[in-house]
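Step one of this worksheet: look at the structure below.
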Amino acid sequence: MENKLQILLAEEDAEAERVAELTRYLREELLELDVDDVTALPGAEVPPGARAVGGTEIGALLVTLGSSTNALNQVITVIRSWLGRHHDAHPSLHLQMDGDVLEIRKATDEQVTEAFEMFLQRHSPAGSEP
């Protein structure tokens with residue numbers, strides 16, 4: 021069974037083009053990792069504040085992690101780095117995996133670190149390092 025991580029990113033008061041550009045940059049970084057694929061998430065039910073255009077949801081990615089036990093950790097590391105580089109723009113993230121949701125909005129660096137560590141612990145195989 022493949023593990024899949026949904027990522028929805030947004031930026032306060034940003035135009036759709038800006039969010040699409042940020043999403044493209046994040047996707048390019050994620051594709052450099054040991055993951056099977058990173059695709060735009062097809063538009064379905066659009067959450068409040070999100071926008072959908074042309075059948076895909078702006079700011080939404082689906083990461084297919086594959087069988088690597090370290091892939092999720094790598095993905096989270098890239099997302100944390102991306103978030104740190106865009107901290108002044110007040111981006112928000114919504115991660116979902118196996119029904120587990122992590123929302124990050126206007127959080128301190130310490131809160132972000134703790135939230136990601138807990139998310140990794142919940143999705144790391146027993147006995148492996150997150």
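In the numbering used here, the protein residues as written are 21 to 150.
For each residue, glycine too, the CB sits at the ideal point set by N, CA and C.
About 5 Å separates the beta carbon of Leu113 from that of Leu29, a gap short enough to meet the 8 Å contact definition. Spanning the alpha carbons of Tyr45 and Glu134 requires a straight line of approximately 25 Å. When Cβ pairs closer than 8 Å are counted between the two stretches, the segment 31-41 is seen not to touch the segment 83-99, the count staying below three. Its chain contains Gln26 as the residues whose beta carbon lies nearer than 6 Å to that of Gln116, once the 5 sequence neighbours on both sides are disregarded; these appear in chain order. In the DSSP assignment, His114 falls within the beta strand (DSSP E) that extends over Pro111 to Met117. In the structure shown, the three-state DSSP call for Glu37 is helix.
Going by C-alpha positions, Ile78 is about 18 Å away from Arg125. Collapsing the DSSP output to three states places Asp120 in a strand. Residue range Asn23 to Glu31 is occupied by the beta strand (DSSP E) that includes Asn23.
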